[in-house]
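Trainee:
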Amino acid sequence: MTTTTTTTKQTDGKLSATEIIRRAQEKVKDPKCDALKPIVWIDCEMTGLDHHNDTIIEICCLVTDKNLNLIDEQGYESVIHASKETMDAMSEWCVLHHGQSGLTEKVINSTKTREQVEQELLAYLDKYMNKGVGILAGNSVHMDRLFMLKDMPRVVDHLTYRIIDVSSVMEIAKRFNPTVANGRPKKKGAHTAREDILESIQDLVYYRGVYLKSPAEADKAAVAAFLESPAWTGTSASSKDQPADSSPKDNTEPVAPRHVAKKRKI
151 MTTTTTTTKQ TDGKLSATEI IRRAQEKVKD PKCDALKPIV WIDCEMTGLD
201 HHNDTIIEIC CLVTDKNLNL IDEQGYESVI HASKETMDAM SEWCVLHHGQ
251 SGLTEKVINS TKTREQVEQE LLAYLDKYMN KGVGILAGNS VHMDRLFMLK
301 DMPRVVDHLT YRIIDVSSVM EIAKRFNPTV ANGRPKKKGA HTAREDILES
351 IQDLVYYRGV YLKSPAEADK AAVAAFLESP AWTGTSASSK DQPADSSPKD
401 NTEPVAPRHV AKKRKI
């Protein structure tokens with residue numbers, strides 16, 4: 151009997167996500183992808199932005215490794231039932247956009263409850279990572295997390311307390327490097343959970359490539375110059391040019407650089 155060997159490499163010679171996962175699993179002897187430092191991308195569509203009174207009606211989750219490779223392209227997505235009365239009572243923006251995307255009709259026709267979707271999503275996450283390993287990510291994902299704390303607390307509890315907010319990276323770029331911020335991929339504005347989360351991943355892929363350089367890619371000379379600059383050391387520029395024997399001598403203790411004067415919690 152002839153068997154066919156399936157290659158796990160892509161045409162460009164790079165390892166596929168499947169092969170990366172397989173090798174990582176062999177290394178850690180664990181059927182899950184903890185070694186890949188999984189990023190859990192979640193986007194929710196809600197009936198509004200008031201987490202006390204509004205609710206999640208659609209959710210999509212995609213998992214990537216630390217290098218933003220999709221571990222499962224299909225992901226998990228589901229629509230949660232809400233009554234027509236609830237959908238009609240939404241804000242004008244939600245009525246318009248959820249109606250145009252077809253979400254309103256899907257929500258009214260759905261038979262799934264929040265509890266059912268929470269259990270399904272929890273099972274999906276548990277298939278790929280142990281509790282406390284995955285980090286929540288997305289655009290303004292603190293808002294999604296706020297709603298999930300109310301509607302799906304067990305999902306939040308399965309993840310680490312930290313988040314990756316791509317919107318924060320964008321806001322930093324706007325202030326420190328507007329050219330980079332203005333060059334980010336244009337959004338389609340589909341306002342569906344899946345499209346939004348794919349755009350979030352695309353954004354971070356962009357920022358990773360042009361803004362967040364690895365140590366090997368960074369301009370080491372520029373970094374070294376900055377670390378020796380007055381902005382980092384806390385010394386004045388004129389004192390560096392002063393001859394050693396001309397500096398005033400006294401018995402005072404040297405002042406610590408600003409950046410080591412206080413420890414910060416990370």
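Numbering (the numbering used here), first residue to last: 151 to 416. Think of the CB as a built atom: it goes at the ideal place given N, C-alpha and C, for glycine as much as any other residue.
(1) Keeping to the same chain, check which residues put their C-beta closer than 7 Å to that of residue 202; ignore five residues upstream and five downstream.
(2) If we ignore side chains and look at the alpha-carbon of each, how far apart do residue 294 and residue 194 end up?
(3) Do you know offhand how far residue 394's Cα is from residue 284's?
(4) How far does the beta strand (DSSP E) with residue 226 in it extend, from its first residue to its last?
(5) Just to confirm the assignment: which complete beta strand (DSSP E) runs, minimum length 3, are found wholly within the region 310–354?
(6) Leaving out five residues before and five after residue 338 in sequence, what residues of the same chain have Cβ atoms less than 8 Å from its Cβ?
(7) Unbroken beta strand (DSSP E) runs of length 3 or more, entirely within the region 254–284: which are they?
(8) Just to confirm the assignment, what range does the alpha helix (DSSP H) spanning residue 236 have?
(9) Since residue 298 is in the alpha helix (DSSP H), which residue starts that stretch and which ends it?
(10) Pick from 234, 282, 198, 183: whose alpha carbon is nearest that of residue 215?
(11) Expressed to the nearest angstrom, what Euclidean distance is found between the alpha-carbon atoms of residue 326 and residue 359?
(12) Thinking C-alpha only, which one of 237, 187, 227 is nearest residue 269?
(13) So, does the region 240–260 touch the region 203–223, judging by three or more C-beta pairs under 8 Å?
(14) Straight-line CA distance for residue 265 to residue 304?
(15) Using a threshold of 7 Å, state whether the C-beta atoms of residue 229 and residue 255 are closer than that.
Mentor: Considering the structure as presented:
(1) In the sequence shown, counting from the first residue as 1, residue 202 sits at position 52. Nothing listed; no residue qualifies.
(2) In the sequence shown, counting from the first residue as 1, residue 294 sits at position 144. In the sequence shown, counting from the first residue as 1, residue 194 sits at position 44. Rounded to whole angstroms, residue 294 to residue 194 spans 6 Å at the Cα level.
(3) Here residue 394 refers to the residue found at position 244 when the sequence shown is read from its first residue. Here residue 284 refers to the residue found at position 134 when the sequence shown is read from its first residue. Bear in mind that a pLDDT of 48 at residue 394, under 50, signals an unreliable position, so the number given afterwards is only what the model happens to contain. Between residue 394 and residue 284, the alpha-carbon positions lie close to 53 Å from each other.
(4) As a working note, residue 226 is residue 76 in the sequence shown. Segment 226–229, the beta strand (DSSP E) holding residue 226.
(5) 313–315
(6) The residue you call residue 338 lines up with position 188 of the sequence shown. Closer than 8 Å at the Cβ level, and outside the excluded window around residue 338, lie 345, 349.
(7) none
(8) By 1-based counting over the sequence shown, the position of residue 236 is 86. Run containing residue 236: 234–238, per the alpha helix (DSSP H) assignment.
(9) Numbered from its first residue, the sequence shown carries residue 298 at position 148. Counting along the chain, residue 298 sits inside the alpha helix (DSSP H) bounded by residues 291–301.
(10) The count along the sequence shown starts at 1 and reaches residue 215 at position 65. Taking only the C-alpha atoms, the option nearest residue 215 is 183.
(11) To locate residue 326, count along the sequence shown from 1; it is residue 176. To locate residue 359, count along the sequence shown from 1; it is residue 209. Spanning the two alpha carbons is a distance of roughly 16 Å.
(12) As a first step, residue 269 must be located in the sequence shown, where it is residue number 119. Nearest of 237, 187, 227 to residue 269, Cα basis: 227.
(13) yes
(14) Residue 265 sits at position 115 when you count from the first residue of the sequence shown. Residue 304 sits at position 154 when you count from the first residue of the sequence shown. When rounded, the distance between both Cα atoms is 10 Å.
(15) Residue mapping note: residue 229 aligns to position 79 of the sequence shown, counting from 1. Residue mapping note: residue 255 aligns to position 105 of the sequence shown, counting from 1. The answer is no: Cβ separation not under 7 Å.
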